[in-house]
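Every number in the numbering used here is 119 more than the matching position in the sequence shown, counting from 1.
Note that beta-carbon positions come from the ideal geometry of N, C-alpha and C, so glycine has one too.
Heads up, the thing below is written out as structure tokens.
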Amino acid sequence: MNKMPPLQLRWMLRTSVCVAYLCFAGSLVQARAPVNLDIIKRDGYGSVELKESGINEFVVQGRMNGRAVRLILDTGAASRNIVLTNSFAGLLKVAPHPVKDFGVSVTGKHIEHLTEGTVDSLVLGSVQITNTTVNFASFGHLGRRNLQGEFRAPDSLNDAEARRTDADGLLGLGFLQRCAAIIDPSNNRLYLKPPGVGRVPQLSAALIAAGFSEANLQLSGLGLLVDVSLNGVPSKMVIDTGANLSVVDSRLAAQAKLKTYGSAGVRMTDSAGVETGVSWADPASFKIGGVDALRTRLIVRSTSIYQPTGGKVGGLLGLDFIGQSWGIVDFAQHKLYFAATK
């Protein structure tokens, strides 16, 4: 089933952490994955190149209404549609209308001033889609284009501008679900199938034969959820390609008796542009779908997703884990494939 839950645009869970620490922590991908998924093109899929815009961050480039567009790949943006900056609406010559909704960042701050419109044409790689509904919102952490369509150079005296990502918006959950996306970060590939085209690929048998493990994903208003276990304590995490590092809620960390430690000078920025300090933890054991997985270093902080779910959702599984584990996110079959630890 490719239906989204009724939530229109509520949770925007993107996080980023200063580059200095990420350089120390290691690169996104250990090596190219031992598989190539181009065979699914026979099932009606097109291929889009994932470009690394920073450590543990991917963007896709394409055209909307003939205009160049640059979007962050963000499965943690739990919206029905692609979400663009308000300033980009003028460049697209779209007349958006207001919508009665808002986004919530991982720190809990609202993302408001939401509008909605339709773009006549969208081209991403070899994929072409017409009449695509998009949302527009205010994002302080994204760069802005000038009237010529070029990203404005940051003010050298403005640290907040200097840390902005040059992107026009987020390629989020709803669009990826409608296009039965297959995300393969290790090979820098995103596969999309326009709605009503082709067939659903069956990847499980081939990937398990190649040595991958798999875990079921559950589509929810928060995003794609996966069952995890931290030091033997069960929970769920959101699959979030917009988070360059994985996050565990401080209340779950306490239950799992994770030993935390601070890191002076390291700051986290969420999708609302809110900056906070962070603590870290190294779990003694980490399982996904009951399978021993890479024990990735975790950011520990209070999140806006823990309390509304009654503590059932305890964090974000970011690109640090997905990339280093040769992770493949399958929206068509709601599966996460990854290399288990031995």
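Partner residues in the beta bridge of residue 249, as assigned by DSSP, are 240.
Scanning 182, 217, 187, 209 for the CA closest to the CA of residue 246 turns up 182. Counting along the chain, the unbroken beta strand (DSSP E) around residue 407 starts and ends at 405-407.
Taking all protein chains in view, the Cβ of residue 155 is surrounded by fewer than 16 other Cβ atoms within 10 Å, so the residue is classified as exposed.
Inter-residue distance for residue 178 and residue 171 is about 6 Å (C-alpha atoms, whole angstroms). The three-state reading of DSSP puts residue 450 in coil, since its state is none of H, G, I, E or B.
Separation of residue 437 and residue 445 (C-alpha to C-alpha, rounded to the nearest whole angstrom) is 13 Å. The three-state secondary structure of residue 370, taken from DSSP, is helix. Of 349, 431, 430, the smallest CA-CA separation from residue 409 is found for 349.
Annotation: the continuous alpha helix (DSSP H) that includes residue 297 extends over 292-297.
If you compare the alpha carbons of 191, 251, 208 with that of residue 168, the shortest gap goes to 191. If you draw a 10 Å sphere on the C-beta of residue 422, you find 16 or more other C-beta atoms in it, and that means buried. One alpha carbon belongs to residue 210, the other to residue 188, and they sit about 10 Å apart. Exclusion of the five residues before and after residue 451 leaves 299, 301, 319, 320 as the residues of its chain whose Cβ lies within less than 7 Å of its Cβ. Here residue 399 is bridged, per DSSP, to 380, 418.
Annotation: the continuous beta strand (DSSP E) that includes residue 191 extends over 186-192.
Taking 8 Å as the cut-off, the beta carbon of residue 293 is found closer than this to the beta carbon of residue 199. Closest by C-alpha distance to residue 416, out of 448, 431, 237, 400, is 400. Nearest neighbour of residue 256 by Cα position, chosen from 368, 234, 360, turns out to be 234. Beta-bridge partners of residue 161 (DSSP): none assigned.
Its Cα nearest to that of residue 202, the residue 258 stands out among 184, 258, 249.
Sequence-distant partners of residue 358 (beyond 5 residues in either direction) whose C-beta falls short of 7 Å from its own C-beta, in its chain, are 194, 336, 342, 343, 345, 436, 448, 455. One Cα belongs to residue 365, the other to residue 402, and the distance between them is close to 12 Å. A direct Cα-Cα distance of roughly 44 Å separates residue 420 from residue 161.
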